Structure formats: structure tokens, C-alpha cells
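As C-alpha cells, the structure follows; a few thoughts come after it.
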Amino acid sequence: MDQFIVPIKKDSGVLHFEIRDYPHDDDHNCKFEIFLENNFVASFEPNGDGHLHICQNPGNIEKETLHQISDEIEKFHW
């Protein structure tokens, strides 16, 4: 598992999302898990073209914010 931080600017300041990458882990349904303040808030899975789609969103994160996070993850990995 790899971990890195993605800062996302919001009206109230900057949110620092922790990204956990599970490259070869069959125990996780989604490749990227997203945490905010140590709480699991969302996850992403790449499609056949390598673009990320939302796998889960239990933290009810705004879609715009999730798209910003996925763009940043794609910069790191593709």
C-alpha cells in the first residue's frame, strides 16, 4: 500500500485528503481509498482506460471535490 496527501482548496481553506493506493491487494474492492482526518470518506476504481470513477462515497463528499481528487491521483499515477 502506498500513501500520499492531496490538498484540495475549498472556500473554508485547504482540505488534506489522504490517499491509500492498493495496487495488488485483493482484500480491497476499490484501488484508491480516500480519508479525511483519519475517516474513510470515498474510494475510486480505474476503468479500462485508466480514468478513475467513484467506487464509494460514504462521506458524502461533493462530486466536484471528488473530481478534483481524482484529477490529482491521475497526475501521480498516469
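In my numbering, the protein residues as written are 2 to 79.
Virtual Cβ for every residue (Gly too), placed ideally from N, Cα, C.
These numbers come from a predicted model, not from an experiment.
(message) According to DSSP, simplified to helix, strand and coil, what is S13?
(response) S13 falls in the coil class under three-state DSSP.
(request) Would you list the one or two residues that DSSP bridges to F77? (result) Note: F77 sits in no beta bridge, so no partner.
(request) Note down the Cα distance separating K10 from P24, rounded to an integer number of angstroms. (result) A direct Cα-to-Cα measurement between K10 and P24 gives close to 27 angstroms.
(message) Rounding to the nearest angstrom, what Cα-Cα distance links N61 and V42 in this structure?
(response) Near 7 angstroms, if we compare the C-alpha coordinates of V42 and N61.
(request) Please list, in chain order, all residues of the same chain as Q4 whose beta carbon is under 8 angstroms from its beta carbon, the five residues on each side excluded. (result) Excluding sequence neighbours, Q4 sits near E19, I20, R21 and D22.
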